[in-house]
Amino acid sequence: MLDRRLALDSQVALRPEPFGALAYHYGNRKLVFLRHPDVVSVVRALDGDTTVAAALTTCGIDQARWPAFEAALSSLERSEMLHERRPVATG
Amino acid sequence: MSAGPSRLVEQLKGGLDAPICLTWELTYACNLECVHCLSSSGRRDPRELSTGEAKAVLDELRDLQVFYINIGGGEPMIRRDFFELVEHAVGNDIGVKFSTNGAFIDADRARRLADMDYLDIQISLDGTDAPTNDAVRGAGSYATAIAAMEHLRDAGFGEFKISVVVTRHNVAQLDEFKALADAYGAQLRITRLRPAGRGADSWHELHPTNAQQREIYDWLRLHGDRVLTGDSFFHLNALGEEPLPGLNMCGAGRVVCLIDPIGDVYACPFVIHDEFKAGSVRAPGGFTAVWRQSELFAALREPQSAGACASCGSYDACQGGCMAAKFFTGIPLDGPDPECVNGHGEAALLAATVAVPRPMMDHSKPVRPERVPVTLGRR
């Protein structure tokens, strides 16, 4: 997970809330709760170019907490909120 | 982040900056007169929000990032500006799910609906055969719904929903409803019958028996992951260890609310009564001010007392049930749900027979005297 380059799906909108944010996928109609402001920061930092590890570092997340973030991001990927950037064709 | 579901529920109980799920009854006008209609619909209210007012509310919901709304009525497609409003919503990133009896979905409209993104349709159907359905929804309504479903299927709409209010007379048809939905490439949605609107009068004859409540629970344990419920059966959670899928809490004024056809805002779709009216979208500050500043909503977001249910071991599982179901059966709001699966509802119902609140805003069509044939004179 840590070396992957994930990005928020273009059909997903984030709505800030006191506990973190709501994420809604207009395509599959799934609604997901991001239950900590730090998760929201990390998700916003994922742009498909930087790795998950880089995003965690940029957001100042202590390494001891990384496993919990990996689990949260995996769950978001299963809901199709996050996906891996498609490989760019070269040449 | 490691917070369990219970902490999330506690956070949601404190309210959100905007609703997650907002129901908007577009009109009180309806071609049908279902005996359990939550909004006692029939006749249009002359104070109905205009197209311009409705669009202004949609613009406000866009700014609040309300991701989707549930549109109902009455029959929402009766409004001449129905498509204009739906297109305005979808064009502003507000997904629309609307409930209809299907009477206005012909082949042309089905194609128009199929062409739209972010649109879901719920066809209301309360029986898998005409006698069962029509006893509740009126003569011919089964055939109307099936015709609409055929038009949607033929237009390639995709997965629309079939929405069922579970009653004493259709509990035994749950498997058949599922098969019917599968046959049309549709998804089944079942919801709880509430004693609201005209349902206040029909609830006592229609609501599922205690034995049937167990049947519903067992059926949902088997099929719940593929069937929508609007999270409306959480009162059944006291029947077992494993909660049913979905949010186990009353969302009234916390994560849901209702806008009625004249712009009044209520705590949920099942409590159209002054006691649960938070304000109006027509007042200064609009919907946002109502959601964020209404005293009623602030009170609903305070921790609620378990009241008479405090000594019951199941309170954590059922949360005391549905506020609207208690209110319209005359049970105190901190009392047991009238359909309490531990049997506490029965005694509460008996104790409550003195002054049961009546639903307000009755738009039922007047009862007409028998028609007398008119003799035509000279033209």
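The listed protein sequences derive, respectively, from chains X and Y.
So for the first sequence, our numbering puts the first residue at 5; every next one is plus one.
So for the second sequence, our numbering puts the first residue at 2; every next one is plus one.
Even for Gly, the Cβ is constructed at its ideal location relative to N, Cα and C.
All values reported here derive from a predicted model rather than from experimental measurement.
By how many angstroms is the C-alpha of residue j removed from the C-alpha of residue i?
i, j, result
"Y/Tyr29", "Y/Glu76", "7 Å"
"Y/Ala182", "X/Trp70", "43 Å"
"X/Gly24", "Y/Phe277", "29 Å"
"Y/Ala4", "Y/Ile124", "Here Y/Ala4 scores only 41 on pLDDT, less than 50, and its place in the model should not be relied on; the value that follows carries that caveat. Their Cα atoms are separated by approximately 37 Å."
"Y/Ile163", "Y/Pro20", "24 Å"
"X/Arg9", "X/Asp42", "18 Å"
"Y/Asp176", "Y/Ser203", "25 Å"
"Y/Val165", "Y/Cys313", "31 Å"
"Y/Leu59", "Y/Asp265", "15 Å"
"Y/Glu49", "Y/Gly73", "14 Å"
"Y/Gly336", "X/Pro22", "31 Å"
"Y/Phe161", "Y/Met78", "16 Å"
"Y/Asp261", "Y/Asp107", "27 Å"
"X/Val16", "Y/Asp18", "19 Å"
"Y/Val167", "Y/Asp109", "31 Å"
"Y/Thr210", "Y/Ala201", "17 Å"
"Y/Tyr119", "Y/Val97", "6 Å"
"Y/Cys269", "X/Ala11", "36 Å"
"Y/Leu189", "Y/Asp155", "19 Å"
"Y/Lys14", "X/His87", "32 Å"
"Y/Met361", "X/Phe73", "50 Å"
Which whole-angstrom value describes the C-beta separation of residue i and residue j, a residue pair presumed to lie in contact below a C-beta threshold of 8 Å?
i, j, result
"Y/Gly321", "Y/Ala356", "Contact doesn't hold; Cβ gap of about 21 Å is too wide."
"X/Ala59", "X/Ala49", "4 Å"
"Y/Gly128", "Y/Gln174", "7 Å"
"Y/Leu297", "Y/Gly247", "No, Y/Leu297 and Y/Gly247 are not in contact; Cβ-Cβ is about 25 Å, not under 8 Å."
"Y/Leu39", "Y/Ala197", "5 Å"
"Y/Ala55", "Y/Leu86", "5 Å"
"Y/His152", "Y/Ala111", "4 Å"
"Y/Ala307", "Y/Tyr316", "5 Å"
Is residue i close to chain X? Criterion is C-beta to C-beta, closer than 8 Å.
i, result
"Y/Gln320", "no"
"Y/Gly1", "In this structure chain Y extends from 2 to 380, so residue 1 of chain Y is not present and cannot be described."
"Y/Leu62", "no"
"Y/Gly53", "no"
"Y/Gly96", "yes"
"Y/Ile72", "no"
"Y/Gln294", "no"
"Y/Ile21", "yes"
"Y/Gln188", "no"
"Y/Leu33", "no"
"Y/Asp116", "no"
"Y/Asp18", "yes"
"Y/Gln66", "yes"
"Y/Gln123", "no"
"Y/Gln382", "Nothing about residue 382 of chain Y can be reported from this structure: the residues present for chain Y run from 2 to 380 only."
"Y/Tyr143", "no"
"Y/Leu9", "yes"
"Y/His364", "no"
"Y/Tyr218", "no"
"Y/Tyr29", "no"
So is residue i in contact with chain Y if we call contact Cβ pairs under 8 Å?
i, result
"X/Glu21", "yes"
"X/Ala59", "no"
"X/Arg39", "yes"
"X/Ala17", "yes"
"X/Leu26", "yes"
"X/Leu35", "yes"
"X/Leu10", "no"
So the alpha helix (DSSP H) residue i belongs to, where does it begin and stop?
i, result
"Y/Gly200", "Gly200 to Leu207"
"Y/Gln188", "No alpha helix (DSSP H) holds Y/Gln188; the beta strand (DSSP E) holding it covers Gln188 to Arg193."
"X/Pro71", "Trp70 to Arg82"
"Y/Ala348", "His345 to Ala352"
"Y/Lys327", "Met324 to Phe328"
"Y/Arg296", "Reading off the sequence shown, one finds Glu at residue 296 of chain Y, where the question assumed Arg. Unbroken alpha helix (DSSP H) run through Y/Glu296: Glu296 to Leu301."
"Y/Ala182", "Leu175 to Ala184"
"X/Ala59", "Val56 to Thr62"
"Y/Glu216", "Asn211 to His224"
"Y/Ala318", "Tyr316 to Cys319"
The beta strand (DSSP E) spanning residue i covers which residue range?
i, result
"X/Glu88", "Leu86 to Glu88"
"X/Phe37", "Leu35 to Leu38"
"X/Tyr28", "Gly24 to His29"
"Y/Ser281", "Lys278 to Ser281"
"Y/Thr24", "Cys22 to Glu26"
"Y/Cys258", "Val257 to Ile260"
"X/Ser45", "That residue, X/Ser45, is in no beta strand (DSSP E); its alpha helix (DSSP H) goes Pro41 to Ala49."
"Y/Tyr267", "Asp265 to Tyr267"
"Y/Ala239", "Counting along the chain, Y/Ala239 falls outside any beta strand (DSSP E), and DSSP gives it neither H nor E."
"Y/Ala19", "No beta strand (DSSP E) contains Y/Ala19, which DSSP labels as neither H nor E."
"X/Ala17", "Val16 to Glu21"
"Y/Ala30", "From DSSP, Y/Ala30 is part of no beta strand (DSSP E); its letter is neither H nor E."
"Y/Lys162", "Lys162 to Val167"
"X/Ala11", "Leu10 to Leu12"
Every unbroken beta strand (DSSP E) inside the segment 61-141 of chain Y [3 residues or more]:
69-73, 96-101 and 120-125
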